[in-house]
Amino acid sequence: MEAIVKQCKKACPFLHNSTTATLSKLSRMPAPAGFASEVSGNVRTNALTTMAQKCPVMGKAIAIQSKSYLRTSARLAKHPTLPLKQAALINNENEARVAAAVMAALQGQTPTTHSTHSKPFDYETLYKSELEKKHQDKSYRYFNNINRLAKQFPKAHTANLQEEVTVWCSNDYLGMGRNPLVLESMQKTMNKYGAGAGGTRNIAGNCNLHLQLETELADLHHKPAALVFSSCYVANDATLSTLASKLPGCVIFSDASNHASMIQGIKHSGAKKMIFKHNDLQDLETKLQSVDIHIPKIIAFESVYSMSGSVGQIEEICNLAKKYGAITFLDEVHAVGMYGPRGAGVAEHLDFDLNACYPHGNNGGILDKVDIISGTLGKAFGVVGGYIAGSAALIDMIRSYAPGFIFTTSLPPV
1 MEAIVKQCKK
11 ACPFLHNSTT
21 ATLSKLSRMP
31 APAGFASEVS
41 GNVRTNALTT
51 MAQKCPVMGK
61 AIAIQSKSYL
71 RTSARLAKHP
81 TLPLKQAALI
91 NNENEARVAA
101 AVMAALQGQT
111 PTTHSTHSKP
121 FDYETLYKSE
131 LEKKHQDKSY
141 RYFNNINRLA
151 KQFPKAHTAN
161 LQEEVTVWCS
171 NDYLGMGRNP
181 LVLESMQKTM
191 NKYGAGAGGT
201 RNIAGNCNLH
211 LQLETELADL
221 HHKPAALVFS
231 SCYVANDATL
241 STLASKLPGC
251 VIFSDASNHA
261 SMIQGIKHSG
271 AKKMIFKHND
281 LQDLETKLQS
291 VDIHIPKIIA
301 FESVYSMSGS
311 VGQIEEICNL
321 AKKYGAITFL
331 DEVHAVGMYG
341 PRGAGVAEHL
351 DFDLNACYPH
361 GNNGGILDKV
371 DIISGTLGKA
381 FGVVGGYIAG
391 SAALIDMIRS
401 YAPGFIFTTS
411 LPPV
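Under the UniProt record's numbering, the first residue of the sequence shown carries the number 1, and numbering increases by one thereafter.
In structure tokens:
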């Protein structure tokens, strides 16, 4: 019977989760009024048997046990002088019959659950199988150990402190991450405010430094407002997914060479997407013409495409957006800090002289035509973080709805 009890505990959530003390207590509690009449013979009933009878597994076993008890009692009553050894055999026979009934009920009626599978899923084998695919297609990555030296830009040492290399592949294009003025400012800020933000922007992680930075970024891109994220990957993903999910029936037109962060944001939005050929204005316009002008549309593209180095046709795309009732989302990640009189990116650079004379916007230039701009602080600016800039209402909506902004610790004060 011990094996049956173990099997029952595996199959029955109640038995599995109940302690011995709980079961013992229930066995001593009287059965509810009127229940005893439902049990055949003189089988003693209590709260535990009451509950068991309602169970699809144990209920059948108890019914069989009751009938077996009556048959055994009748046989022993006919032979009151039956030897003890023979009487024990009858009881064992009865017990075996009950055991068979329980096992049959377990096999036939217990739903297949995690507790009835023959063995658990082999997670480690799956991990290794996926890694093997990476090795087979030659896409498995090995990390370099590169330790950039602040006072010897662009030098770095490897895992061997004595081995120096020159780093030509860093995103810190201008070496701002080791600029003495930057380091001095960061040290002063850290001494005053500490190294960490202390929470999310919605709770304790919002400080005056965040607000000042957002004001400067908004002004840099000729926009009323800006919002800082932990990275531009998060900024693109959170903004596109939130914005497109809020626009009813939105269709997103995405350049074929867009960054993975934009692709993920489009995917997470659940909106319909139409991919146009890279930098192909004719293909983009053909696709725009296929969607009614009253339907919300987003054209997502980049200024500098990192994989090819090609430059997006910003002004022409903005003109198409206006013609077909779309808004533009321009990723300037690889251009901010590098192009334009103030480093706002390619959109600013295209009207270099105009923006040099009128640096704060509303000058009718291309930069003013772009609806939403995303950028990073982790490349030419040399530190970490990402951001978007756009209208005040748009920024406030993203701030209020985007999980990627709401539920993450904000950037540290430094």
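Note that the Cβ used here is the ideal one computed from N, Cα and C, for glycine as well.
Keep in mind that this is a model prediction, so the values were computed, not measured.
Check N180 in the structure and name its three-state DSSP category.
Mapped onto the sequence shown, residue 180 falls at position 180. Inspection of the sequence shows that residue 180 is occupied by Pro rather than by Asn. P180: helix per DSSP, three-state reduction.
Could you tell me the alpha carbon to alpha carbon distance between F405 and E332, rounded to whole angstroms?
Here residue 405 refers to the residue found at position 405 when the sequence shown is read from its first residue. Here residue 332 refers to the residue found at position 332 when the sequence shown is read from its first residue. About 20 Å.
Separation of L354 from I395, as counted between CA atoms:
Taking the first residue of the sequence shown as position 1, residue 395 is located at position 395. Taking the first residue of the sequence shown as position 1, residue 354 is located at position 354. Cα-Cα distance, rounded: 27 Å.
Helix, strand or coil for N144 per DSSP?
Counted from its first residue, the sequence shown places residue 144 at position 144. If DSSP states are grouped into helix, strand and coil, N144 belongs with coil.
Determine the burial state of H349: buried for a count of at least 16 other Cβ atoms within 10 Å of its Cβ, exposed for fewer.
The residue you call residue 349 lines up with position 349 of the sequence shown. Buried: at least 16 other Cβ atoms inside 10 Å.
At which residue ranges does the stretch 311-351 contain complete beta strand (DSSP E) runs of 3 or more residues, listed in the order of the chain?
326-331
Answer yes if the stretch 218-229 comes into contact with the stretch 256-265, meaning at least three C-beta pairs across the two stretches below 8 Å, and no otherwise.
no
Decide if the stretch 228-236 is in contact with the stretch 378-392; the criterion is three or more beta carbon pairs, one per stretch, under 8 Å apart.
yes
Around the C-beta of T20, are 16 or more other C-beta atoms found within 10 angstroms, so that it is buried, or is it exposed?
Here residue 20 refers to the residue found at position 20 when the sequence shown is read from its first residue. Classification of T20: exposed, given that the 10 Å Cβ count is below 16.
Three-state secondary structure assigned by DSSP to N362:
Here residue 362 is taken as the residue at index 362 of the sequence shown, counted from 1. Reduced to three states, the DSSP call for N362 is coil.
Where G41 sits in the DSSP three-state scheme:
In the sequence shown, counting from the first residue as 1, residue 41 sits at position 41. Only weak support exists for where G41 lies, its pLDDT of 46 falling under 50; the coordinates are left without a value.
Hey, quick one: how far does the beta strand (DSSP E) through residue 429 stretch, first residue to last?
Only positions 1 to 414 of the chain appear in this structure, which leaves residue 429 out of reach.
Assigned exposure category for F301 - 16 Cβ within 10 Å defines buried:
Here residue 301 refers to the residue found at position 301 when the sequence shown is read from its first residue. It is buried - the Cβ of F301 has at least 16 other Cβ atoms within 10 Å.
For the beta strand (DSSP E) that D292 lies in, which residues bound it at each end?
Here residue 292 corresponds to residue number 292 of the sequence shown, with the count starting at 1. Note, D292: premise wrong, no beta strand (DSSP E); not H, not E.
In terms of alpha-carbon separation, which member of R201, V167 and N144 lies closest to A159?
Within the sequence shown, the letter at position 159 stands for residue 159. Out of R201, V167 and N144, N144 has the C-alpha closest to the C-alpha of A159.
Thinking S410 and A225 are a contact (beta carbons under 8 Å), I'd like their distance in whole angstroms, please.
Position 410 of the sequence shown, counted from the first residue, corresponds to residue 410. Position 225 of the sequence shown, counted from the first residue, corresponds to residue 225. Not quite, the Cβ-Cβ distance comes to about 17 Å (not below 8 Å), so this is no contact.
Work out the CA separation of C250 and G270 for me, nearest whole Å.
Here residue 270 is taken as the residue at index 270 of the sequence shown, counted from 1. Here residue 250 is taken as the residue at index 250 of the sequence shown, counted from 1. Roughly 9 Å between the two C-alpha positions.
How about V336 and F407: do their beta carbons lie closer than 9 Å?
Within the sequence shown, residue 336 is the residue found at index 336, counting from 1. Within the sequence shown, residue 407 is the residue found at index 407, counting from 1. Going by C-beta atoms, V336 is not nearer than 9 Å to F407.
In angstroms with no decimal places, state the Cα-to-Cα distance between K54 and K119.
As a working note, residue 54 is residue 54 in the sequence shown. As a working note, residue 119 is residue 119 in the sequence shown. Computed Cα separation, rounded: 29 Å.
Which of helix, strand or coil DSSP assigns to T166
The residue labelled residue 166 in the question sits at position 166 within the sequence shown. Strand, per DSSP.
Go ahead and label L330 buried or exposed: buried means 16 or more other beta carbons lie within 10 angstroms of its beta carbon, across all protein chains shown.
If you number the sequence shown from 1, residue 330 lands on position 330. The residue is buried, with at least 16 neighbouring Cβ atoms inside 10 Å.
How many Å lie between M190 and G177 at the Cα?
In the sequence shown, residue 190 corresponds to position 190, counting from 1. In the sequence shown, residue 177 corresponds to position 177, counting from 1. Distance between the alpha carbons of M190 and G177: 15 Å.
Under 9 Å, do T239 and I372 count as touching if we go by C-beta distance?
Position 239 of the sequence shown, counted from the start, is the residue given in the question as residue 239. Position 372 of the sequence shown, counted from the start, is the residue given in the question as residue 372. Yes, the Cβ-Cβ distance between T239 and I372 is below 9 Å.
Three-pair Cβ contact test at 8 Å for the stretch 356-375 versus the stretch 200-212:
no
Let me confirm a value: E184 is counted as buried when at least 16 other C-beta atoms fall within 10 Å, else exposed. Which label applies?
For the purposes of this step, residue 184 is identified with residue 184 of the sequence shown, where counting begins at 1. Classification of E184: exposed, given that the 10 Å Cβ count is below 16.
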